[in-house]
Structure formats: structure tokens, C-alpha cells
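Residue numbers (the working numbering): 125 to 333. For every residue, glycine included, the Cβ atom is placed at its ideal position computed from N, Cα and C. Owing to the predicted nature of the structure, the values given are computational and were not obtained by experimental measurement.
Here it is as C-alpha cells:
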């Protein structure tokens with residue numbers, strides 16, 4: 125069902141974040157069954173009407189009609205799969221003005237957080253992982269940043285930082301020339317380097333490797 129997959133994903137099992145309010149939460153099964161009926165009939169008009177506002181902005185009625193015309197057998201298979209499904213997972217995507225997202229899933233009549241920037245550590249989609257990485261950078265949160273990395277990269281980053289920490293040892297014993305001027309590069313024992321720069325009488329780490 126590759127040709128029609130984007131439409132199915134955009135509609136079935138997704139709910140607006142408005143469901144979080146006082147309004148009654150619609151039954152996702154009804155939407156799934158309506159989609160299955162429209163797919164079984166090959167009703168392009170109905171299928172397009174069931175897409176989210178965001179999906180309708182990128183998928184035109186003519187696009188849906190063309191897909192329906194070329195994928196009738198796949199649509200019938202999709203309809204059967206939906207009807208045979210044991211359960212429907214309702215998901216809400218909550219978006220903030222700065223682009224941050226939280227993914228929530230409906231369980232026993234209540235929405236629960238599945239993925240959010242407050243609890244970083246990867247994502248169920250590549251977009252979620254990238255968003256988490258961006259938000260960790262935005263918050264300048266080192267622990268959150270590490271949790272967004274793969275175990276291998278996390279270990280490499282931590283090993284590098286630990287190596288620098290170990291090589292520094294006692295800063296008072298480092299070979300810092302007295303006539304360093306406003307910039308100095310210090311070679312540490314294990315091959316690491318620290319570059320410092322003085323700005324307005326205050327020294328800062330300018331680079332390290």
C-alpha cells in the first residue's frame with residue numbers, strides 16, 4: 125500500500141490537540157471505519173475530506189483522485205486491514221509557537237505523554253529525535269543533549285570530555301607561559317589541547333580538542 129500510505133497515516137488514528145480540552149473525545153474507531161468505507165468505495169472526495177487541515181494543504185483533491193484511480197486494489201486491502209485491526213491508537217500532537225512538540229497517546233480515556241521535550245531521550249520518529257536534540261541545545265542542557273545521542277556517540281563524547289578533565293589535573297601545574305598575551309594554547313599530557321582567550325581582563329576557553 126505504498127502509494128496510499130501517506131493518506132492513511134495522515135488520517136487514521138490521529139486526533140487534534142483540541143481534544144485535550146473540555147470537549148468530549150471523539151471515538152477514533154468511528155473515523156477509522158469511515159475511512160475504511162471510503163477506501164473500499166474508492167470515494168476520493170470523502171477520503172480528502174477526512175484528512176487533517178495540514179494534510180489537505182499539501183495533498184489536493186486531484187492528488188487523492190489520481191491515487192484512488194491507480195490503487196483500487198490497494199485501497200480495498202487497506203480497508204480490510206483497518207476493519208481487521210484489533211485496536212486503534214489515538215495520538216495527539218501538541219505544538220507550541222516556537223515549533224516544540226509533544227506527542228500524546230490516548231489510554232483509558234486520558235491522554236498521556238508519549239514523547240515531549242520535558243522528557244528527552246530519542247523519539248518514535250526521526251523528526252521527534254531531531255526536535256529533542258534542538259530543544260536540548262536551546263536549553264543548553266548537557267544531560268538532555270547526551271540522552272539524544274546514540275549510545276556509541278554518547279560514549280565517545282563522554283570519553284573525550286573525561287580525557288580532557290583527567291589531563292587538566294591541577295590547573296595550577298599546567299605549563300602556561302607568563303607572557304601568553306591575550307591568547308594561549310595549552311597542550312595536555314594525553315594529546316588534548318585547550319585554547320584560551322582573554323577578553324576584557326577575563327579568560328575564557330576558546331576551543332578544546
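Our two residues, residue 307 and residue 332, have alpha carbons roughly 13 Å apart in a direct line.
Within the model, the alpha-carbon separation for residue 323 versus residue 296 is close to 21 Å. Exposure of residue 301 is indicated by the presence of fewer than 16 other C-beta atoms within 10 angstroms of its C-beta. Linking residue 320 to residue 285 through their CA atoms gives a straight-line distance of about 17 Å. Counting other Cβ atoms within 10 Å of its Cβ, residue 152 reaches 16 or more and is therefore classed as buried. Residues 160, 163, 164 of the same chain have their beta carbon placed closer than 6 Å to that of residue 203, with the five preceding and five following residues left out of the count. Counted as a single uninterrupted DSSP element, the alpha helix (DSSP H) harbouring residue 289 occupies residues 275-292. Only residues of its own chain outside the window of five on either side were considered, and among them 206, 207 have a CB closer than 8 Å to the CB of residue 157, listed in chain order. Rounded to the nearest angstrom, the gap between the Cα atoms of residue 298 and residue 287 is 15 Å. Going by DSSP, residue 183 is part of no beta strand (DSSP E) at all; its letter is neither H nor E. Annotated as distal: residue 316 and residue 280, with beta-carbon spacing of 7 Å or more. Selection 171, 282, 283 evaluated against residue 193 yields 171 as nearest (Cα-Cα). A buried status is given to residue 188, since no fewer than 16 other beta-carbon atoms sit within 10 Å of its beta-carbon.
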